Each structure stands twice: as C-alpha cells, then as structure tokens.
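All the letters of the sequence shown, read from the start, carry residue numbers 1 to 339 under the UniProt record's numbering.
No residue lacks a Cβ here, since even glycine has one placed at the ideal position from N, Cα and C.
The model shown is predicted, which means the values in this text are computed figures rather than measured ones.
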Amino acid sequence: MCGIVAIYASMLNNDDLRKAILDAGKKIRHRGPDWNGVRILPKGIAIEHERLAIIDPESGAQPLISNDGTITLAVNGEVYNYKELMATLQTPYTFKTKSDCEVIIPLYKQHGTAFLRHLRGMFSFVLYDSAKDVLIAARDHMGITPLYYGYGADGSVWFASEMKALEAFETAVTKRMMSDVPWGVLLSGGLDSSLVASIASRHQKKLFAAGADTEWSPRLHSFTIGLDNSPDLAAAKEVAKSLGTIHHSYTYTIQEGIDAVSDVIYHLETYDVTTIRASTPMFLMSRKIKAMGIKMVLSGEGADEVFGGYLYFHKAPHAQALHDETVNKLKALTQLQMI
1 MCGIVAIYAS MLNNDDLRKA ILDAGKKIRH RGPDWNGVRI LPKGIAIEHE
51 RLAIIDPESG AQPLISNDGT ITLAVNGEVY NYKELMATLQ TPYTFKTKSD
101 CEVIIPLYKQ HGTAFLRHLR GMFSFVLYDS AKDVLIAARD HMGITPLYYG
151 YGADGSVWFA SEMKALEAFE TAVTKRMMSD VPWGVLLSGG LDSSLVASIA
201 SRHQKKLFAA GADTEWSPRL HSFTIGLDNS PDLAAAKEVA KSLGTIHHSY
251 TYTIQEGIDA VSDVIYHLET YDVTTIRAST PMFLMSRKIK AMGIKMVLSG
301 EGADEVFGGY LYFHKAPHAQ ALHDETVNKL KALTQLQMI
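Right, dumping it as structure tokens:
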C-alpha cells in the first residue's frame, strides 16, 4: 500500500505548489512510511508519492522518471506480470530500478493508452507525459487500490489515493462557520445544501465536544421553505432527520409570494423574472430566520452555477458554451446577495 497525490494545471507558483502537494501527501503518509518523493513540473504539474517498499526497497523510490525525462510516474500497487511485460518490449529500455511498476513507462511509449489492457495486478497510478502535455490517471478495473479526483478553485485537477488529501470542500465549509452569533443552514433536501449541512453539523458537534462556548445546542438549526406539498419540504425533513438537526420548516401561499414581490424587486434591483421567482421564497424565509435572531446561514447556493447542475446544461452545443453559461449564471448569482 502506497499513496499518490497529483495536481494538474495549477495556477500556483512552484514554491506554493510544492508546499500544497507536500501538505496533501502528509495526510496519507500512513500509506507509505518508507519514503516520499515529489516532482514539480512546468504548467502547474506536481506529482507526489508516499512509498511502502515491497519490490526493490533500495532503489525503487518514486516518482519514476523515464530515461529521456519526459515521463513522470507515481504508482500505488503492484504489477504482477511485470517480468512478462518486460520481455514483450519491442524497443530496448534501460530500467533504472527493479520496481515492478517501472515497466509502465516503456509500455506507454510502445502502446500509448492501450497499454492498460496488458497490466495484471492491483494498481492505481498517475502518469504525466510532458512532451505531449498529457496526464493519465488510471486504476485496476476493480478499484482494489483507490484513486479519487477533485477540482481546485483555480480550475486545477487533483488526484489522490485517499479523500483526506481532497478536503478543500470540507475546509471551505468549516471556515465559514466562524461566528459569535446564532447561525444555521438552509436545507432544500438537494445534494448541494445537504452536503453543506452534513459537514456543518459534524463540525458543530466536534466543536461542542471539545468544549467550545456556544449559545445554541450542538445540534445545528436547519431551515426550509416551500408551498404546501412541496417535494423540498419532504426531502429536507428526511435529511434533517438523518443529520439530527433542529429543523424549521415553513410554508407560504401564492398570495404571500405575490405580496412580497415589490420588496424583492426593491432589494434585487432587477425585473428579471427568473431571478425574482427564485428569490421570493428565499426572501420570505429570510424574514422568518431573522425574527428568530439568526444573523448568518450557510447554503448550497452557487453549486449549480459553478458545476453546471441545472437540467438544461446538458443541451449545451459544445464545451465553450457550457463554460460561458456557467460564468454568466455565476455573475447573475451575485444579485441574490442583496436580498
């Protein structure tokens, strides 16, 4: 069992990139206590390896580098048929180690990505070809050795053997829990708000167990609003029950929504129908939350805009159109902060 971390297309400078990947590697060092190695490459590429030495403990340290220096490889696992694969190489290759994993480099040179079908074993790896600016992340078909991926705020792509090294989302939520006044979470029962509520609830309980001073109980307060028989109300109730939050569910009538429209337009400073329609129930719920003395809430707002979660996004004719629409939606979202 080893551990790998890789970052692709980071906007960090080399010093900060090295620190970032080493910090991530420390979170999975229990997977590879024998050695750790890191390589920083142009174009925001970083590959780090935490090694548990099984084959060639003396010289098999990773990341492995090709003879011409263009290929960098970090592997977690074992390639059982590496000796047979070495015998199939059509072009002579000078191996630097006795590691069973180094055979992946000449196999890739010989077969391209098709080399994967020749591997027998349990493995996950990240390979970067600087000559082609191509990064390949792969694992065995059963996923015996895990490999996760996620995205950085700068658009970079991260890979890691454990999710501990990909905790950016959890960190983002807990950072926003800093408050000296009562607070809660908005909960629709959907994926975005449920994830935020789950992280916040777990962290709130940890703070209380550690003796943190809080005016409210360790149970998080959650809030939902909808018309009668709204599916959001039922879904949020189920999530709240699972998380153990103190849940506040509100309903409103169509007439109450109509009555609030003028106030919503005043705060939004727009007559955009879609924005007003989405903001009206939020406005009504915010008034009720404020009446309880709550001054701060967390929500899942923005996730659909950032990650293209709305149903119509799948109709985008090409990648650029999808990107442009997410940018436009995100810009429009700033208006909702005026409610």
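DSSP-derived helix/strand/coil call for residue i
i: His118; result: helix
i: Asn328; result: helix
i: Lys288; result: helix
i: Phe313; result: helix
i: Ile225; result: strand
i: Arg219; result: coil
i: Thr174; result: helix
i: Ile339; result: Reliability of the predicted coordinates at Ile339 is poor, the pLDDT of 45 falling under 50, and the value obtained from them is presented with this limitation in mind. Note: Ile339 maps to coil in three-state DSSP.
i: Phe123; result: strand
i: Asn13; result: coil
i: Thr245; result: coil
i: Gly25; result: helix
i: Ile7; result: strand
i: Asp272; result: coil
i: Thr251; result: strand
i: Met86; result: helix
i: Ile136; result: strand
i: Tyr128; result: strand
i: Met296; result: strand
i: Val185; result: strand
i: Thr160; result: Per the sequence shown, the amino acid found at residue 160 is Ala instead of Thr. Residue state, collapsed to three classes: strand.
i: Gly112; result: helix
i: Tyr266; result: helix
i: Gly37; result: strand
i: Gly257; result: helix
i: His323; result: helix
Assumed close pair residue i, residue j - CB separation to whole angstroms, cut-off 8 Å
i: residue 418; j: Asn67; result: Because the chain spans 1 through 339 in this model, residue 418 falls outside it and cannot be assessed.
i: Leu186; j: Phe223; result: 6 Å
i: His203; j: Thr174; result: 5 Å
i: Val79; j: Leu119; result: 6 Å
i: Lys27; j: Ala165; result: 5 Å
i: Asn14; j: Ile40; result: 5 Å
i: Ala200; j: Met163; result: Not a contact, Cβ separation roughly 18 Å.
Residue closest to residue i, alpha-carbon to alpha-carbon, out of the options
i: Thr91; options: Pro106, Ser194, Gly244 and Tyr271; result: Pro106
i: Gly302; options: Tyr148, Ala321 and Ala332; result: Ala332
i: Gln62; options: Met86, Thr88 and Thr97; result: Thr97
i: Val306; options: Gly77, Phe208 and Ala153; result: Ala153
i: Asp263; options: Met282, His248 and His247; result: Met282
i: Tyr82; options: Tyr93, His141, His30 and Glu102; result: Glu102
i: Gly244; options: Thr253, His267, Ser198 and Lys329; result: Ser198
i: Leu191; options: Asp34, Gly32 and Tyr310; result: Tyr310
i: Arg29; options: Arg287, Pro42, Val5 and Met86; result: Val5
i: Ala24; options: Ile144, Met86, His111 and Tyr149; result: Tyr149
i: Leu64; options: Phe95, Glu325 and Glu84; result: Phe95
i: Thr113; options: Lys132, Ser201 and Ile289; result: Lys132
i: Leu89; options: Tyr108, Arg277, Pro231 and Asp100; result: Tyr108
i: Val134; options: Lys43, Tyr93 and Thr251; result: Lys43
i: Gly32; options: Glu50, Thr253 and Pro231; result: Glu50
i: Ile71; options: Leu85, Ser99 and Ile104; result: Ile104
Cβ-Cβ distance between residue i and residue j below 7 Å
i: Gly3; j: Ser124; result: no
i: Val196; j: Leu298; result: yes
i: Ile7; j: Ser130; result: no
i: Thr275; j: Gly257; result: no
i: Leu52; j: Met1; result: yes
i: Leu73; j: Leu22; result: no
i: Gly189; j: Ile294; result: no
i: Leu227; j: Ser249; result: no
i: Ser179; j: Met292; result: no
i: Leu330; j: Gly308; result: no
i: residue 351; j: Leu116; result: One cannot answer for residue 351 here, as it falls past the ends of the chain, which runs 1 to 339.
i: Gly77; j: Thr145; result: yes
i: Ser193; j: Gly69; result: no
i: Arg219; j: Ile246; result: yes
Cutoff 7 Å: residue i Cβ touching any chain B Cβ
i: Phe307; result: The question asks about chain B, but that chain is absent: this structure has only one protein chain.
| Those runs of the alpha helix (DSSP H) which lie wholly inside the region 39-82 and span at least 4 residues | none
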